[in-house]
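For reference, the structure is listed below as structure tokens.
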């Protein structure tokens with residue numbers, strides 16, 4: 032890749048990463064124990080993957096994960112109460128893996144004729160992979176809080192789950208429901224945002240053109 036084209040790729044990716052980071056602070060809803068529904072914050076990272084391929088997308092996602100980890104450590108105190116091994120595990124699952132996989136959103140872009148659907152399918156898979164990373168973290172690191180959390184719900188759902196599950200199964204259900212409560216809306220918003228943007232001919236043309244220029 033020529034230096035001018037490389038600089039252009041890095042610049043565009045940097046702008047989109049910065050946009051994603053800013054949007055991650057625009058929260059539609061924030062859960063009390065971590066996790067939030069944001070205003071299309073994952074869309075820019077998915078678009079990087081569509082423009083430059085999943086490989087570059089994952090690299091961009093890794094850069095984004097560092098920003099999120101720093102924010103988590105100093106702004107939201109996400110690592111509070113964890114020992115060294117727990118902090119490392121959370122850093123890997125909730126940040127490095129969770130945000131790197133967003134770059135895989137472009138996995139179908141070069142393989143499907145309909146670019147709008149390609150971006151939508153890619154976004155859905157990428158966000159689902161992020162959910163799996165958070166699910167694993169919740170199960171491994173926070174599963175001990177499952178009984179308390181369902182008890183605090185003080186409703187039929189909590190009573191039913193507590194009477195049906197215990198041990199690791201209860202931790203699994205807890206992580207699935209807790210992380211799913213914000214990741215499902217995030218998936219819908221991200222897929223919807225990608226499809227809406229890609230449905231605009233000028234945007235679709237620009238994204239496709241940028242990818243071809245840097246091939």
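In my numbering, the protein residues as written are 32 to 246. We put the CB at the ideal spot given by N, CA and C, even for glycine.
Burial state of residue i (16 or more Cβ within 10 Å)
{"i": "residue 134", "result": "buried"}
{"i": "residue 179", "result": "exposed"}
{"i": "residue 210", "result": "buried"}
{"i": "residue 217", "result": "buried"}
{"i": "residue 197", "result": "exposed"}
{"i": "residue 77", "result": "buried"}
{"i": "residue 140", "result": "buried"}
{"i": "residue 152", "result": "buried"}
{"i": "residue 116", "result": "exposed"}
{"i": "residue 221", "result": "buried"}
{"i": "residue 159", "result": "exposed"}
{"i": "residue 162", "result": "buried"}
{"i": "residue 79", "result": "buried"}
{"i": "residue 169", "result": "buried"}
{"i": "residue 200", "result": "exposed"}
Candidates the options, of which the one nearest residue i by Cα
{"i": "residue 48", "options": "131, 156, 120", "result": "131"}
{"i": "residue 145", "options": "56, 226, 80, 86", "result": "226"}
{"i": "residue 69", "options": "201, 234, 224", "result": "224"}
{"i": "residue 64", "options": "114, 149, 34, 174", "result": "174"}
{"i": "residue 184", "options": "208, 168, 200", "result": "208"}
{"i": "residue 54", "options": "71, 41, 43, 182", "result": "71"}
{"i": "residue 95", "options": "110, 114, 75", "result": "75"}
{"i": "residue 235", "options": "149, 97, 186", "result": "149"}
Through-space distance from residue j to residue i, alpha-carbon basis
{"i": "residue 194", "j": "residue 61", "result": "28 Å"}
{"i": "residue 219", "j": "residue 127", "result": "22 Å"}
{"i": "residue 99", "j": "residue 52", "result": "7 Å"}
{"i": "residue 45", "j": "residue 164", "result": "24 Å"}
{"i": "residue 82", "j": "residue 239", "result": "6 Å"}
{"i": "residue 102", "j": "residue 112", "result": "17 Å"}
{"i": "residue 119", "j": "residue 172", "result": "11 Å"}
{"i": "residue 37", "j": "residue 167", "result": "36 Å"}
{"i": "residue 87", "j": "residue 233", "result": "23 Å"}
{"i": "residue 154", "j": "residue 204", "result": "25 Å"}
{"i": "residue 189", "j": "residue 231", "result": "44 Å"}
{"i": "residue 228", "j": "residue 176", "result": "40 Å"}
{"i": "residue 39", "j": "residue 84", "result": "15 Å"}
{"i": "residue 143", "j": "residue 137", "result": "11 Å"}
{"i": "residue 59", "j": "residue 67", "result": "8 Å"}
{"i": "residue 237", "j": "residue 147", "result": "13 Å"}
{"i": "residue 34", "j": "residue 90", "result": "18 Å"}
{"i": "residue 241", "j": "residue 42", "result": "12 Å"}
{"i": "residue 57", "j": "residue 191", "result": "35 Å"}
Residue-chain proximity (residue i, chain C), Cβ-Cβ < 8 Å
{"i": "residue 148", "result": "In the structure shown, chain C cannot be found, because there is only a single protein chain."}
Exercise. So, do the region 200-214 and the region 118-127 have three or more beta carbon pairs nearer to each other than 8 Å?
Worked result: no
For this session: Run through the region 50-99 for me and flag every whole beta strand (DSSP E) of 3 or more residues, listed as ranges in chain order.
Result: 58-61, 67-69
Exercise. Counting only runs that start and end within the region 184-219, where is the beta strand (DSSP E) found for 3 or more residues in a row?
Worked result: none
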